[in-house]
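Engineer: Take this structure, written in structure tokens, and hold onto it; I'll ask about it next.
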Amino acid sequence: MAKLAVWVSIMLVLLVALSESSKYDFSPFCCTQYQENPIPVKFLKYYRIQEVIDHCNIKAIIFKTWRNKLVCADPDRKWVKIAQESEERKERSSKRRRKNNKRNKDKC
């Protein structure tokens, strides 16, 4: 009985640890080199900025595509800046739509 309790406790701890790590889509991922070929903006889902920390030895923009592929890009490249601006516009537009939908629901 004691072995079963220990086993269940260990499984619960592992389950919690895995669920917490899955919240952050690609945080553990670290770029060590850049992809040179531009990615069309329509294939990009979102991005995050990687700073130089520990073993992440380059500053990078990490894009996630609609096919869940991670792409490391040089933040100084023109195509990367254009892609970032495009993603930011999409996010602002999406927030406005959600806000307007909420207002419309409140009026009903």
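Here the sequence shown stands for residues -21 to -1, 1 to 87, where the numbers follow mature numbering (1 follows the signal peptide of the UniProt record, and there is no 0). Idealized CB from N, CA, C, for every residue including glycine. The model shown is predicted, which means the values in this text are computed figures rather than measured ones.
Whole angstroms are fine: how far does the CA of Ala(-17) sit from the CA of residue 95?
Structural biologist: Here the chain comprises residues numbered -21 to 87, so residue 95 is not present and cannot be evaluated.
Engineer: Please classify Val31: does DSSP put it in a helix, a strand, or coil?
Structural biologist: On the sequence shown, position 52 is the one that residue 31 refers to. Val31 falls in the coil class under three-state DSSP.
Engineer: Alpha carbon to alpha carbon, how far is Pro17 from Asn79?
Structural biologist: Position 38 of the sequence shown, counted from the first residue, corresponds to residue 17. Position 100 of the sequence shown, counted from the first residue, corresponds to residue 79. Their backbone Cα atoms lie some 34 Å apart in a straight line.
Engineer: Can you tell me where the beta strand (DSSP E) holding Phe42 begins and where it ends?
Structural biologist: Residue mapping note: residue 42 aligns to position 63 of the sequence shown, counting from 1. Looking at the DSSP string, the run of the beta strand (DSSP E) that includes Phe42 is 39 to 44.
Engineer: Between the Cα of Gln29 and the Cα atoms of Phe22, Leu23, Leu(-7), Lys38, which residue gives the shortest distance?
Structural biologist: In the sequence shown, the residue the question calls residue 29 occupies position 50. For the residues Phe22, Leu23, Leu(-7), Lys38, the minimum Cα distance to Gln29 belongs to Lys38.
Engineer: Report the rounded CA-to-CA distance for Arg76 versus Lys24, giving the unit in angstroms.
Structural biologist: Mapped onto the sequence shown, residue 76 falls at position 97. Mapped onto the sequence shown, residue 24 falls at position 45. Going from the Cα of Arg76 to the Cα of Lys24 covers about 18 Å.
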